[in-house]
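*Asks:* Read the sequence shown against this note's numbering and you will find it ends at 420, with the numbers running on by one and no gaps. The beta carbon of each residue, even a glycine, is placed where N, CA and C say it ideally should be. Below is the structure I would like to discuss, written out as structure tokens.
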Amino acid sequence: MSARTWQIFGEKELGVPLEFRFVPGAGGLIATNTLLSSPADGYTIMIHNFANFHIMNLLYDGDVGVDDISYLGAYYTDPGVFFVHKDSPYQTFEDVMAFAKANPGQFRISFASFTDMSYLLVRQIETLYDVEFNLVNYEGGNAARLAVVNREVDACSTTWFAASPVWDDIRVLAQLMDTVPLAGLEGVRTISNILDHDFPDIHNSYFIFAPPTFERDHPERFKTLASRLAAAWNGSEYYESMKERGEESAINVMTPEDTLKTLVEMGEFINENAHLFDE
């Protein structure tokens, strides 16, 4: 969906039609390997999720490293949030921590998957602060969010724009990303601020890359493609289209260099906590 929102603006900038092809399987590993076996000419590129790039290697025995691709940039960031039902008795995240501390295993938190960043964050909180939550895998984002609305669980840890269908029924207790403040949640503190600990930014973000030799063999074409994509993402038309969806603050354009830096930082957190996937 995030790619479709800028397709027409990308086509305007590039002057050619963009053909999207969904390649499922192994958390993106099959699609990545398909790309890496394609000609490194810039005519085949790939959109991937930052976190899944690392997770696909851990869970599906992939061996694609951060140095094995050419980065063209990133364009969309959906920041993580921790929310409860709007009528929940828990008014702050501190209330949640106090209850969990006094009642181990009774505070229920839903997740779209036990392989996402927010799950690793909550597991890290359990370890650092000696609390125990009841973590529930709903194997799907919509089901996990609706579990709060239907009072099946006490809270959900997910991303903000993905939760838009239930915005009227929830209350956010913590933002999970320091660097992308959310309109309408200005008074909601970040998890790092609340717990006085430097947690990594939790978000669902997308970047674009090409085969590794594209930048080396076609440097001018690489620079042109990266700059034209950035122009489409930074354009007023794309901004207005995202504003109509209520997602204008999700636009987060990164240079190829910043894309690599973000991917490396996220990889460090995931790899440090990879053992939690097996527990």
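Which one of Ile-311, Asp-208, Ala-215 has the shortest CA to CA distance from Ile-188?
*Replies:* Closest option to Ile-188, Cα to Cα, is Ala-215.
*Asks:* Suppose contacts are defined by Cβ-Cβ distances below 8 Å. Is Ile-250 in contact with Val-294 by that definition?
*Replies:* Going by C-beta atoms, Ile-250 is nearer than 8 Å to Val-294.
*Asks:* In terms of alpha-carbon separation, which member of His-226, Tyr-379, Pro-397 lies closest to Arg-286?
*Replies:* Ranking His-226, Tyr-379, Pro-397 by Cα distance to Arg-286 puts His-226 first.
*Asks:* Tell whether a beta-carbon distance below 8 Å holds between Leu-269 and Phe-418.
*Replies:* No, the pair does not count as a contact, with Cβ atoms beyond the cut-off.
*Asks:* Less than 8 Å between C-beta atoms, sequence neighbours within five positions excluded: which residues of the same chain meet that for Val-164?
*Replies:* Here the set comprises Ile-171, Ala-172, Thr-175.
*Asks:* Anyone know if the C-beta pair for Asn-198 and Tyr-347 falls short of 8 Å?
*Replies:* Against a cut-off of 8 Å, the Cβ pair of Tyr-347 and Asn-198 comes out as no contact.
*Asks:* Hey, which unbroken runs of the beta strand (DSSP E) at 3 residues or more fall wholly within the stretch 173–261?
*Replies:* As far as the stretch 173–261 is concerned, its whole beta strand (DSSP E) runs of at least 3 residues are 187–190, 211–226, 249–252.
*Asks:* Taking DSSP as the reference, what is the three-state secondary structure of Arg-312?
*Replies:* In the structure shown, Arg-312 sits in a strand (DSSP, three-state: E or B).
*Asks:* Using the rule of at least 16 other Cβ atoms within 10 Å of the residue's Cβ for burial, across every protein chain shown, is Pro-397 buried or exposed?
*Replies:* Flag for Pro-397 reads buried.
*Asks:* Out of Val-272, Asp-228, Pro-158, Arg-145, state which residue places its alpha-carbon closest to the alpha-carbon of Arg-217.
*Replies:* Checking the displayed sequence, the identity of residue 217 turns out to be Tyr instead of Arg. Cα-wise, what sits closest to Tyr-217 is Arg-145.
*Asks:* Starting from Tyr-379, trace the alpha helix (DSSP H) in both directions and tell me its first and last residue.
*Replies:* Note, Tyr-379: alpha helix (DSSP H), 377–385.
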